[in-house]
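Engineer: Sharing a structure, written as structure tokens. Questions coming.
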Amino acid sequence: MEQHEIEISSYVKSVNDEHKGQIFRVSNIADSHSIIEAINIIGERKILHTSDIIIANSEEAIEYENNLQRGHDFIP
Numbered sequence: 001m002e003q004h005e006i007e008i009s010s011y012v013k014s015v016n017d018e019h020k021g022q023i024f025r026v027s028n029i030a031d032s033h034s035i036i037e038a039i040n041i042i043g044e045r046k047i048l049h050t051s052d053i054i055i056a057n058s059e060e061a062i063e064y065e066n067n068l069q070r071g072h073d074f075i076p
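Here full-length UniProt numbering is used: the first residue of the sequence shown is 1, the next is one more, and so on.
Given below as structure tokens:
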């Protein structure tokens, strides 16, 4: 199955490692496209391997944005 290309500002879901199940917004992509920098719902930047993520579906992206608007204001 072919995966859509990951782009900056797209939403991804971690399927492996300690971040499994979390949704992230992509903030940077390595030239090799093998790793990305992404931001979780509480504003933490994480480095993820593209082999450990999938493109988030539209419902997951909407949930990320809704949670961000409700509770992200306290992040410095």
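Glycine included, every Cβ here is placed at the ideal spot set by N, Cα and C.
Secondary structure at H33, three-state DSSP: helix, strand or coil?
Structural biologist: coil
Engineer: To the nearest angstrom, how far is the alpha carbon of Y64 from that of I23?
Structural biologist: 7 angstroms
Engineer: Could you spell out the range, first to last residue, of the beta strand (DSSP E) harbouring V12?
Structural biologist: Counted as a single uninterrupted DSSP element, the beta strand (DSSP E) harbouring V12 occupies residues 11-14.
Engineer: What separation, rounded to the nearest whole angstrom, lies between the Cα atoms of I35 and I53?
Structural biologist: Their backbone Cα atoms lie some 10 angstroms apart in a straight line.
Engineer: Residues in its own chain within less than 7 angstroms of I39 by CB, not counting five upstream and five downstream?
Structural biologist: F24, R25, S27, R45
Engineer: Any idea if S14 is buried or exposed, counting beta-carbon neighbours within 10 angstroms, 16 or more meaning buried?
Structural biologist: Answer is buried; the Cβ neighbour count reaches 16.
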